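Residue numbers (my numbering): 90 to 585. Positions of the beta carbon are idealized from the N, C-alpha and C atoms, including for glycine. Since this is a predicted model, take the numbers as computed values, not measurements.
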Amino acid sequence: MNYQLRNPSMSDADTANALDRIEHAPPKMAIVKVKDLLADAQLTIPDYQRPYKWTTRHVGQLISDICKHSDKSSYRLGTVVFHQEGALKNIVDGQQRIISLTLTIRAIIARCMERIKDADLKKRLRELSQSIQDQPISSEIAQNNIQQNYSELERLVDRPEFTEQHVEFLLDQCEVVTFTLEDVSEAFQFFDSQNARGKDLDPHDLLKAYHLREFMETDQTLKAQTVETWEDSNSEDLAHLFANYLFRIRQWSQGGSARYFGKAEAELFKGVNLEKQQIYPYLQQLNIAHHWIDQYNAQYERRIDRNAQTFPFHLDQIIINGRRFFEMITFYQVRVREVATTAVWKGKKDSKEGIAMAARQSAWKEKLSDDAQKILDTLDCYSGKNRTGDRYVRTIFDCLLIAYYDKFGEDDISLAIGKIFIWAYSLRLTRFSVKLASMDNHVVRDNNLFRKLHSAITPSDFTRCQLPQLEEIGNASKVEEIVEIFEDMRYYERPN
Numbered sequence: 090m091n092y093q094l095r096n097p098s099m100s101d102a103d104t105a106n107a108l109d110r111i112e113h114a115p116p117k118m119a120i121v122k123v124k125d126l127l128a129d130a131q132l133t134i135p136d137y138q139r140p141y142k143w144t145t146r147h148v149g150q151l152i153s154d155i156c157k158h159s160d161k162s163s164y165r166l167g168t169v170v171f172h173q174e175g176a177l178k179n180i181v182d183g184q185q186r187i188i189s190l191t192l193t194i195r196a197i198i199a200r201c202m203e204r205i206k207d208a209d210l211k212k213r214l215r216e217l218s219q220s221i222q223d224q225p226i227s228s229e230i231a232q233n234n235i236q237q238n239y240s241e242l243e244r245l246v247d248r249p250e251f252t253e254q255h256v257e258f259l260l261d262q263c264e265v266v267t268f269t270l271e272d273v274s275e276a277f278q279f280f281d282s283q284n285a286r287g288k289d290l291d292p293h294d295l296l297k298a299y300h301l302r303e304f305m306e307t308d309q310t311l312k313a314q315t316v317e318t319w320e321d322s323n324s325e326d327l328a329h330l331f332a333n334y335l336f337r338i339r340q341w342s343q344g345g346s347a348r349y350f351g352k353a354e355a356e357l358f359k360g361v362n363l364e365k366q367q368i369y370p371y372l373q374q375l376n377i378a379h380h381w382i383d384q385y386n387a388q389y390e391r392r393i394d395r396n397a398q399t400f401p402f403h404l405d406q407i408i409i410n411g412r413r414f415f416e417m418i419t420f421y422q423v424r425v426r427e428v429a430t431t432a433v434w435k436g437k438k439d440s441k442e443g444i445a446m447a448a449r450q451s452a453w454k455e456k457l458s459d460d461a462q463k464i465l466d467t468l469d470c471y472s473g474k475n476r477t478g479d480r481y482v483r484t485i486f487d488c489l490l491i492a493y494y495d496k497f498g499e500d501d502i503s504l505a506i507g508k509i510f511i512w513a514y515s516l517r518l519t520r521f522s523v524k525l526a527s528m529d530n531h532v533v534r535d536n537n538l539f540r541k542l543h544s545a546i547t548p549s550d551f552t553r554c555q556l557p558q559l560e561e562i563g564n565a566s567k568v569e570e571i572v573e574i575f576e577d578m579r580y581y582e583r584p585n
């Protein structure tokens, strides 16, 4: 782990680039020693911050770096971004580092005081201990990590090789670069630009920061819970959900290409702020639904009938910024896992969530026709299913099935599965090699059924669409079971 600034020698041009989106006064920049940083009584962790996630590996690397660089005149541990709100400094970026440094000082005081000879150093440690502001930590995840990391830090600083000189170096030579801004939106913009200088954030992390800034004033109290729910999700799961399903379904439904999901494509998941946006006629139905759902769920009767309503999300709807965006992602984490049996997620199958998910998958599958069930069973077991090209084709199938279920539920879903199967897997049977471009071109250029589904008013508008019969098979290797279903459904006839 590298605690150094991503670019310690920031040039004037670099600084200008980092600040090019800041509309008002530039941030106040300062180089602050660790002892002064931790003694700052204005520091506070805002509700919207994610839980403390550093592990024993991270704090171990921190101590290792302090010892390794203790011969230097100074050592920078990174940057911290603050939002100055009255008398408080809300930590926008740097929470993980600040908490870990606080735990380190606590561990030093608990384990090293007896062997420290310098009376002045002891005095400064005691004064610092009294100055450090204890931050309220409600997240169970954060509390567990704090407990484990503190125990590890006690072990690390108690070792003979961690000396009095290392303690002095930490207090007096270790430092951070702080940036303080008075506008919260600009603080997040600066945070985003700083991260863009080093390791890029994943698109879903950028969307998290954007939609936190878009929270309506009436929803501010829900920020902490929203962030905790988001952070409880595995980052790989979120990346997979966006890149393989949500992004592709939204793009293909609009007739656009959907090969890669990057930062530029994240704009697809930014919508309207119903508190700041003028409510044009086309937004009125969203505005009504947004407020009616909250009003209905807040009624006293819901405590009795427990009949709470979820927002009527739709995959290609206009996104409501802020809280509704996070609710939408949570909703589709469940929906995708219910429908797409190949959806990758880190939850354990024998967990409470996994058992409930399996039950919901079984419930709608039990209503399928024998032909539709045969298609799903075959796709899960045919010999070539794990080849790269076959996984691309399965992505088309899963995405369109999710989109259909999202729009029409279980109505005529057996017929829809047959139609989706023929359209998707005709690509596999007519190509010797299926690549990413092949998948994308098949959707966008070859009778785009996502567009047909988008414009469909009833299930039959989709299930009655005509598909051509295959005249020949281009590659039957490891797909014999697929070919047999095409024959059974009369979309292919073997030559005599």
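If only complete runs of 4 or more residues are kept, the region 369-405 shows the alpha helix (DSSP H) at 373-387, 391-394, in order along the chain. In the DSSP assignment, Q173 is bridged to K178.
I197 and D136 have their C-alpha atoms roughly 29 Å apart. Counting along the chain, M528 sits inside the alpha helix (DSSP H) bounded by residues 525-534.
Under DSSP, the beta-bridge partners assigned to L559 are Y581.
For V266, the uninterrupted beta strand (DSSP E) run begins and ends at 263-270, by DSSP. Cβ contact annotation for V181 (same chain, cutoff 6 Å, sequence separation greater than five): V170, H172, A276, F280, in chain order. Along the region 495-528, the alpha helix (DSSP H) occurs as fully enclosed runs of 4 or more residues at 502-519, listed in sequence order. In the DSSP annotation of this structure, A119 is not part of any alpha helix (DSSP H); the continuous beta strand (DSSP E) holding it starts and ends at 117-122. T419 sits in a helix when the DSSP states are folded into three classes. Excluding its 5 nearest sequence neighbours in each direction, S159 has C-beta neighbours in its own chain below 7 Å: Q254, H255, F258, listed in chain order. Runs of the beta strand (DSSP E) lying entirely within the region 149-219 and spanning at least 3 residues, in chain order: 164-174, 177-182.
The Cβ neighbour count for H293, taken over all protein chains shown within 10 Å, is at least 16; the residue is labelled buried. The shortest C-alpha to C-alpha distance from I230 to any of V316, D272, R244, C554 is the one to V316. Distance from the CA of T307 to the CA of N475, rounded to the nearest whole angstrom, comes to 48 Å.
In the DSSP assignment, the residues bridged to T133 are N179. Contact annotation: I120 and Q224 have beta-carbon atoms that are not nearer than 8 Å.
As a beta-bridge residue in DSSP terms, V361 pairs with I409. Here the alpha carbon of L489 sits roughly 36 Å from the alpha carbon of P140.
Distance from E303 to G411 at the Cβ level is roughly 4 Å; contact confirmed, criterion being Cβ atoms closer than 8 Å. For the pair A461 and C554, the Cα-to-Cα distance works out to about 17 Å. Take the alpha-carbon of M578 and the one of Y385: they are about 47 Å apart. Its chain contains no residue whose beta carbon lies nearer than 6 Å to that of A387 once the 5 sequence neighbours on both sides are disregarded.
Per DSSP, the continuous alpha helix (DSSP H) segment holding Q314 begins and ends at 312-321. Nearest in C-alpha terms to N537, of all of Q422, I338, L559, Y299, is I338. By the Cβ criterion, the region 504-517 is not in contact with the region 347-363, since fewer than three pairs of Cβ atoms, one from each stretch, lie closer than 8 Å. Non-local C-beta neighbours of T552 in its own chain, meaning closer than 7 Å and more than five positions away in sequence, comprise D501, L504, A505, K508, ordered along the chain. As the crow flies, the alpha-carbon of D469 is around 20 Å from that of L330. Under a 10 Å Cβ-count criterion, Q340 is classified as buried, with 16 or more other Cβ atoms of the shown protein chains found around its own Cβ.
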